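J.: As they're listed, the protein sequences go chains A and B.
Straight run, no breaks: the first sequence in this note's numbering ends on number 183.
Straight run, no breaks: the second sequence in this note's numbering ends on number 324.
Just passing along the structure, written as structure tokens.
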Amino acid sequence: MHKERENELVEACQKGDRNAMDILVRHYERTVYNAAYRMLGNPDDAADVTQVTFIKALEHIDRFNPKFKFFSWIYRIAVNESINQLKRRKSTESVSDIQAAPGPGPDEMLHSEQVGKEVQAVLMSLREEYRSVVVLKYFSGCSYREIGEILQIPEKTVKSRLFSARQQMKDRLEGLGIITG
Amino acid sequence: MIDDRIKNLINGAMDGELTDAELAEMDQQLGQSEEARRYLAGMADLDAYLKKLPEQAMPDELHAEILRNVDLPVQSATKHSNAREWSGLYRYGFAAAAGLLLAVGIYQFGSDSIAPGDFDQLVGTMAPGAAVELDSLAFETDEVRSTASLERRQDTMILNIQLDSAEPIEVRVDFEGTSLDFQTTLEDQRSNLQVFEGATSEVRAISQGQQKFAVFWHRADTASDQEGAITLEYSSDGTLIRQGTLVPRW
């Protein structure tokens with residue numbers, strides 16, 4: 003969505019236009035839900051976080067500064083809410099707790115479903131600051147700069163966290179025999 | 075053993091963030107090192123696995139539920155004129171929530187001329203009891219002027235921050251080294267302030283103009299009288315301007 007269009011919709015929301023709100027929510031909800039799912043590994047928690055994220059963002063939209071990008075703002079709320087949710091439930095998920103993604107590829111369903119669970123479990127094993135950069139990179143399609151804006155950290159920190167996160171994931175997936183070293 | 079330089083180049087290439095010169099350097103190193111090529115293959119596998127993770131379908135009713143539960147703020151010229159706006163972010167079962175709601179309601183809708191000291195009164199409403207001043211920090215640079223003071227009121231620790239800055243300033247309050255139990259934040263929103271809370275270890279705020287805000291913690295069951303330090307970092311555009319510590323005591 004172009005920044006100008008986004009700003010128009012934000013302004014309309016600030017004036018109480020619920021149609022504009024509908025368009026904004028529809029545009030971002032899937033990405034926010036998927037980012038939350040990958041942060042939390044659980045569809046129910048992801049739905050809760052998605053809902054809370056939009057409620058917090060939209061009910062405070064009169065305070066939104068158009069100098070910032072709306073998506074940066076909303077993803078930041080989503081990431082923080084996901085982290086808060088993790089703290090609240092004091093997550094101790096194991097591989098078996100991660101709910102599998104439904105219906106992957108047509109011909110390798112069993113294999114890729116299992117691998118998908120393992121990859122998600124390894125993602126869940128990362129510290130939150132590492133997991134959040136991976137999620138924003140892979141599931142929200144953000145650049146280093148955008149991740150930095152969202153998480154309020156310098157780009158070089160984004161880069162180093164992504165580096166460390168990938169290294170840890172690679173090592174763990176090698177240990178599971180999913181990646182050959 | 076390959077060095078971090080080639081690993082960094084490979085990571086950067088995966089993200090499409092390398093310059094032509096860096097790409098050429100990576101190609102050269104890959105041509106010379108079997109180990110670097112293995113590292114690239116492993117990272118490419120990881121990248122592919124992450125990209126292959128399927129998109130999750132949202133629950134059918136979620137969109138409608140979000141729309142149903144959002145009350146958009148109704149903006150009016152008078153409400154958002156030059157009046158100071160007060161707002162509180164109250165969560166996690168804060169004990170004085172009812173008092174805060176009342177106070178926020180009064181300040182937000184009823185006042186165009188709040189006297190100095192009202193913020194402190196509002197803090198007092200949220201955390202009754204005599205204030206014991208514990209520690210403070212003050213500095214002034216070309217970009218920002220700020221004071222931060224830490225006080226205790228009974229079993230509540232309160233950090234009051236005042237800021238005056240021409241450009242957006244990020245303030246990071248890191249309390250990871252303490253056993254403080256985060257409760258809430260309170261803002262005096264005369265300018266632009268966005269507060270982002272990482273409830274267990276830090277609070278971040280971005281502010282521009284004149285601003286006051288406060289962070290509240292409860293005493294944790296496991297707290298000792300002497301806590302670890304709270305670290306404050308002020309930065310602009312990702313560059314650290316000032317860092318300091320404040321030491322809470324019960």
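Where a beta carbon is used, it is the ideal one built from N, C-alpha and C, also for glycine.
What you are looking at is a predicted structure, and each value in this text was computed from that prediction instead of being measured.
Would you call the segment 132–144 of chain B and the segment 87–102 of chain B in contact, with 3 or more CB pairs under 8 Å?
T.: No: fewer than three Cβ pairs fall under 8 Å.
J.: Quick check: is the beta carbon of GLY116/B nearer than 7 Å to any beta carbon in chain A?
T.: Numbered from 1 along the second sequence, position 42 holds the residue referred to as residue 116/B. Yes, contact with chain A.
J.: So with Cβ pairs under 7 Å, would you call ASN9/A a contact of chain B?
T.: The count along the first sequence starts at 1 and reaches residue 9/A at position 7. Cβ-Cβ to chain B under 7 Å: no for ASN9/A.
J.: Just verifying my parser: in three-state terms, what is the DSSP assignment at THR152/B?
T.: The count along the second sequence starts at 1 and reaches residue 152/B at position 78. Its pLDDT being 32, under 50, THR152/B is placed unreliably in this model, and the value from its coordinates should be taken loosely. Note: THR152/B maps to coil in three-state DSSP.
J.: Would you verify that the beta carbon of LYS71/A is, or is not, closer than 7 Å to some beta carbon of chain B?
T.: The residue given as residue 71/A occupies position 69 in the first sequence. For LYS71/A, the answer is no, since every Cβ of chain B falls outside 7 Å of its Cβ.
J.: Once DSSP output is grouped into helix, strand and coil, what is the label at GLN228/B?
T.: Residue numbering aside, residue 228/B sits at position 154 when the second sequence is read from its first letter. Here GLN228/B sits in coil by DSSP.
J.: Across the segment 244–256 of chain B and the segment 287–298 of chain B, are there enough close Cβ pairs to call them in contact, namely three or more that are closer than 8 Å?
T.: Short answer: they touch.
J.: To the nearest angstrom, how far is the alpha carbon of ALA151/B from that of PHE66/A?
T.: Counted from its first residue, the second sequence places residue 151/B at position 77. Counted from its first residue, the first sequence places residue 66/A at position 64. Its pLDDT being 35, under 50, ALA151/B is placed unreliably by the model, and the measurement read from it follows with that caveat. Rounded to whole angstroms, ALA151/B to PHE66/A spans 16 Å at the Cα level.
J.: In angstroms with no decimal places, state the Cα-to-Cα distance between GLY150/A and CYS144/A.
T.: Position 148 of the first sequence, counted from the first residue, corresponds to residue 150/A. Position 142 of the first sequence, counted from the first residue, corresponds to residue 144/A. Roughly 9 Å separates the two Cα atoms.
J.: Let's see if you can read the secondary structure: which residues bound the alpha helix (DSSP H) around ALA87/B?
T.: Residue 87/B sits at position 13 when you count from the first residue of the second sequence. Taken as a continuous stretch (DSSP letters only), the alpha helix (DSSP H) holding ALA87/B covers 78–88.
J.: What's the C-alpha gap between VAL34/A and PRO45/A?
T.: Taking the first residue of the first sequence as position 1, residue 34/A is located at position 32. Taking the first residue of the first sequence as position 1, residue 45/A is located at position 43. Using only the alpha carbons, I get a separation of about 12 Å.
J.: Look at GLU115/A and ILE180/A and say whether their C-beta atoms are less than 7 Å apart.
T.: Numbered from its first residue, the first sequence carries residue 115/A at position 113. Numbered from its first residue, the first sequence carries residue 180/A at position 178. No, Cβ-Cβ distance for GLU115/A and ILE180/A is not below 7 Å.
J.: Between the segment 27–38 of chain A and chain B, which residues of the former have a C-beta closer than 7 Å to a C-beta of the latter?
T.: For the segment 27–38 of chain A, which is checked against every Cβ of chain B, the residues closer than 7 Å are VAL27, ARG28, GLU31, ARG32, TYR35, ASN36.
J.: Is it the case that the Cβ atoms of VAL144/B and LEU153/A are separated by a distance below 7 Å?
T.: Reading the second sequence from its first residue, position 70 is the one you call residue 144/B. Reading the first sequence from its first residue, position 151 is the one you call residue 153/A. The answer is no: Cβ separation not under 7 Å.
J.: Can you list the alpha helix (DSSP H) stretches of 4 or more residues lying completely in the segment 251–320 of chain B, in chain order?
T.: Within the segment 251–320 of chain B, no complete alpha helix (DSSP H) run reaches 4 residues.
J.: Can you tell me whether PHE213/B is buried or exposed? The criterion is at least 16 other CB atoms within 10 Å of its CB, across all chains shown.
T.: Within the second sequence, numbered from 1, the residue matching residue 213/B stands at position 139. Exposed, because fewer than 16 other Cβ atoms sit within 10 Å of the Cβ of PHE213/B.
J.: Considering only residues of the same chain and omitting the five flanking positions on each side of LEU314/B, which have a CB-CB separation below 8 Å?
T.: Taking the second sequence and counting its residues from 1, the one referred to as residue 314/B is at position 240. Excluding sequence neighbours, LEU314/B sits near GLU307, TYR308.
J.: Could you spell out the range, first to last residue, of the beta strand (DSSP E) harbouring ASP209/B?
T.: On the second sequence, position 135 is the one that residue 209/B refers to. ASP209/B -> beta strand (DSSP E) spans 205–214.
J.: Ordered along the chain, which non-local residues of its own chain (more than five positions away) have a Cβ less than 8 Å from that of GLN317/B?
T.: Within the second sequence, the letter at position 243 stands for residue 317/B. Answer for GLN317/B: THR305, LEU306, GLU307, TYR308, listed in chain order.
J.: Within 7 Å (strictly less), CB to CB, does MET171/A reach chain B?
T.: Working through the first sequence from its first residue, we reach residue 171/A at position 169. True, the Cβ-Cβ gap to chain B drops below 7 Å.
J.: Check the C-beta distance from ILE63/A over to GLN122/A and give it rounded, since I have them as a contact under 8 Å.
T.: Position 61 of the first sequence holds residue 63/A. Position 120 of the first sequence holds residue 122/A. So it is not a contact: roughly 33 Å between Cβ atoms.
J.: In this structure, does DSSP put ARG28/A in helix, strand or coil?
T.: Mapped onto the first sequence, residue 28/A falls at position 26. Helix.
J.: So which of GLU108/B, ARG112/B, GLN103/B has the shortest CA-CA distance to THR182/A?
T.: Here residue 182/A is taken as the residue at index 180 of the first sequence, counted from 1. Cα-wise, what sits closest to THR182/A is ARG112/B.
J.: Kindly indicate if chain A contains any beta-carbon less than 7 Å away from that of VAL144/B.
T.: What you label residue 144/B is simply residue 70 of the second sequence in a count that begins at 1. Chain A contact via Cβ: present.
J.: Throw me the rounded Cβ distance for the LEU120/B and LEU175/A pair, which I believe falls under 8 Å.
T.: For the purposes of this step, residue 120/B is taken as residue 46 along the second sequence, with counting starting at 1. For the purposes of this step, residue 175/A is taken as residue 173 along the first sequence, with counting starting at 1. That belief holds up - the Cβ atoms of LEU120/B and LEU175/A are roughly 6 Å apart, short of 8 Å.
J.: Taking the Cβ atom as the reference point for each residue, do GLY72/B and LYS172/A lie within a distance shorter than 7 Å?
T.: This structure gives no information on residue 72/B, because the portion of chain B shown stretches from 75 to 324.
J.: In the DSSP assignment, the alpha helix (DSSP H) including ASN67/A goes from what residue to what residue?
T.: Mapped onto the first sequence, residue 67/A falls at position 65. Premise fails: ASN67/A is in no alpha helix (DSSP H) and is neither H nor E.
J.: Closer than 7 Å between beta carbons: that is the criterion. Which residues of the segment 310–324 of chain B meet it against chain A?
T.: Within the segment 310–324 of chain B, the residues whose Cβ lies closer than 7 Å to some Cβ of chain A are GLY312, listed in chain order.
J.: At 8 Å on the CB atoms, spell out the chain A contacts of MET132/B, in chain order.
T.: Within the second sequence, the letter at position 58 stands for residue 132/B. The answer, in chain order, is GLU31, ARG32, TYR35, ALA49, THR52.
J.: How far does the alpha helix (DSSP H) with CYS15/A in it extend, from its first residue to its last?
T.: Mapped onto the first sequence, residue 15/A falls at position 13. Element bounds for CYS15/A: 5–16.
J.: Please name the residue in THR55/A, TYR30/A, GLU10/A whose C-alpha comes closest to that of ALA22/A.
T.: By 1-based counting over the first sequence, the position of residue 22/A is 20. Cα-wise, what sits closest to ALA22/A is GLU10/A.
J.: Can you tell me whether GLN242/B is helix, strand or coil according to DSSP?
T.: Within the second sequence, numbered from 1, the residue matching residue 242/B stands at position 168. For clarity, residue 242/B is Pro in the given sequence; the question names Gln instead. Strand at PRO242/B.
J.: Quick one: what does DSSP say THR28/B is sitting in, helix, strand or coil?
T.: This structure cannot speak to residue 28/B, because chain B is shown only from 75 to 324.
J.: Counting only beta-carbon separations shorter than 7 Å, does ILE76/A have a partner in chain B?
T.: Counting from one through the first sequence, the residue named residue 76/A turns up at place 74. Judged by the 7 Å Cβ criterion, ILE76/A is not in contact with chain B.
J.: Name the DSSP bridge partner or partners of LEU237/B?
T.: By 1-based counting over the second sequence, the position of residue 237/B is 163. Looking at the DSSP assignment, LEU237/B forms a beta bridge with SER220/B, GLN285/B.
J.: Measure how close the beta-carbons of GLY312/B and PRO156/A come, nearest whole angstrom, since I'm counting them as under 8 Å.
T.: Numbered from its first residue, the second sequence carries residue 312/B at position 238. Numbered from its first residue, the first sequence carries residue 156/A at position 154. With 8 Å as the limit, GLY312/B and PRO156/A qualify as a contact, their Cβ atoms being about 4 Å apart.
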